[in-house]
Amino acid sequence: MADFTTSRNTARVEPPRPQPREKVVPPPEGISRLIEEAAKTPILRLVILAMHTGMRRGELLALRWYCVDLEKGFVKVEWSLQRVDGQIVIDKPKSKKSRRVVPIDEEAVEMLRRMRETSKYDLVFHRGDGTPLDPSTVTHQFARIAERAGFKGMRFHDQRHIYATYALLAGVDLRVVQELLGHEDISTTANTYTHVLEDLKSDAAKMIASVLPKTGKRQTSAKPPKNEETES
C-alpha cells in the first residue's frame, strides 16, 4: 500500500480567526428572570447596578462611596479593579474616556441609599469586611445566575450590552451612549451595536413613511404623461 504524505509551508497558512462572541441581550421578561435569580445570591445589588449603568465589572468592584452622588443622581468612574499576578489591584482606568460620569435612575439611587445607610466601608461592594470582591468569583456567580435564568453562556460583561442596547432602542444618541460606556472612539460603539443600529434604521424608515402623505395605489401605478421629463 502506498504511503502518501503531504508537506506544506505552514508559515504561509494563517490560523483561523476567532469568531466574535455572540452578545446575549435578553428581552424584558428575561431580564426579570435574571433579577429573580440574582436575588438568591449575594451579588443582587451588583447585578442591578451593572444593568442600570453599563459599567464594567472592574469599575463596579472598585466603586467608592465618595464617587457616588445620591442627591444629583450620578456615579463617577475613577477606579478599576483587576487581578494582576494573582493580586487584586485597584488603579486608575487606562483611558481618559473610561473616567466618566454615569447618571443613575431613581431605582438605583434608592438601592444605593439603603446600602449607604448601613455601610461603614469605603468600597460600595465588598466581602463584608471591607475587602474587595474577587472578580473571578463574581464571574462564576453570574454565570450560574444566567444559566438558571435560561441564558447559559451569558457573561457578566453582557450586562453592558443590555444597558447600551436598550439605551439605543429608547432613542439615546449614539455619541451619548459612547460617552456613557466610556468607549475611546465612537466607531467602537457603532461596530459593537451594528445590529441595533440596523433595526433603528428600519424603524426610522417606517416612522418617515408614517408622516408622509399617502399617495395611494392609483397614483403610484399611473403612467406619467408623455411630455413629462424625468429626473436622474
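Just so you know, we're using the numbering used here here: the sequence shown kicks off at 136 and counts up by one.
Positions of the beta carbon are idealized from the N, C-alpha and C atoms, including for glycine.
Exercise. DSSP three-state call for VAL259: helix, strand or coil?
Worked result: Looking at VAL259 - three-state DSSP - the assignment turns out to be coil, as it is neither helix nor strand.
Problem set entry | CA-to-CA distance, VAL237 to LYS231, given in whole angstroms | Linking LYS231 to VAL237 through their CA atoms gives a straight-line distance of about 14 Å.
Problem set entry | Residue from PRO348, TYR201, ALA197, HIS275 whose Cα sits closest to the Cα of ALA173 | Nearest in C-alpha terms to ALA173, of all of PRO348, TYR201, ALA197, HIS275, is HIS275.
Exercise. At what residues does the beta strand (DSSP E) containing PRO238 begin and finish?
Worked result: For PRO238, the uninterrupted beta strand (DSSP E) run begins and ends at 235-238, by DSSP.
Exercise. Measuring CB to CB, does MET250 end up less than 9 Å from ARG180?
Worked result: Cβ distance < 9 Å, so MET250 and ARG180 count as in contact.
For this session: For ARG218, name the three-state secondary structure that DSSP assigns.
Result: Reduced to three states, the DSSP call for ARG218 is strand.
For this session: Ignore the nearest five residues each way along the sequence and tell me which others in LEU169's own chain have a CB closer than 6 Å to its CB.
Result: Taken in chain order, the residues that qualify are ALA284.
For this session: Enumerate in chain order the residues of its own chain whose CB-to-CB distance from SER215 is below 6 Å, with the five nearest sequence positions on each side excluded.
Result: The beta carbon of SER215 sits closer than 6 Å to those of GLY193, GLU194, ALA197, PRO228, all from its chain and outside the five residues before and after it, given in chain order.
For this session: With a floor of 4 residues, list each alpha helix (DSSP H) that falls wholly inside the segment 251-333, ordered by position along the chain.
Result: Runs found: 270-283, 293-304, 309-316, 321-327.
For this session: Between the Cα of ARG295 and those of PRO348, ARG262, LEU315, spot the shortest distance and give me the residue it belongs to.
Result: Nearest to ARG295 by C-alpha distance, out of PRO348, ARG262, LEU315, is LEU315.
For this session: Just grab the DSSP bridge partners of VAL224 for me.
Result: Bridge pairing for VAL224: GLN217 [DSSP].
Problem set entry | Cα-Cα separation, GLY221 to ASP264 | Roughly 20 Å separates the two Cα atoms.
For this session: Under 7 Å Cβ to Cβ from PRO153, same chain only, skipping five residues before and after it: list those, please.
Result: Legend: pLDDT at PRO153 = 48, less than 50; position of this residue unreliable, no value from coordinates given.
Exercise. How should LEU347 be labelled, buried or exposed, when 16 other C-beta atoms within 10 angstroms of its C-beta is the threshold for buried?
Worked result: With a threshold of 16 other beta carbon atoms within 10 Å, LEU347 falls short and is exposed.
Exercise. What residues are listed by DSSP as bridge partners for LYS211?
Worked result: As computed with DSSP, LYS211 is found in a beta bridge with VAL236.
Problem set entry | Inter-residue CB distance, THR176 and ILE280 (contact presumed, cutoff 8 Å) | Going by Cβ atoms, the distance from THR176 to ILE280 rounds to 6 Å, so yes, they are a contact pair.
For this session: Return the first residue and the last residue of the alpha helix (DSSP H) that MET190 is part of.
Result: Looking at the DSSP string, MET190 is not in any alpha helix (DSSP H), and its letter there is neither H nor E.
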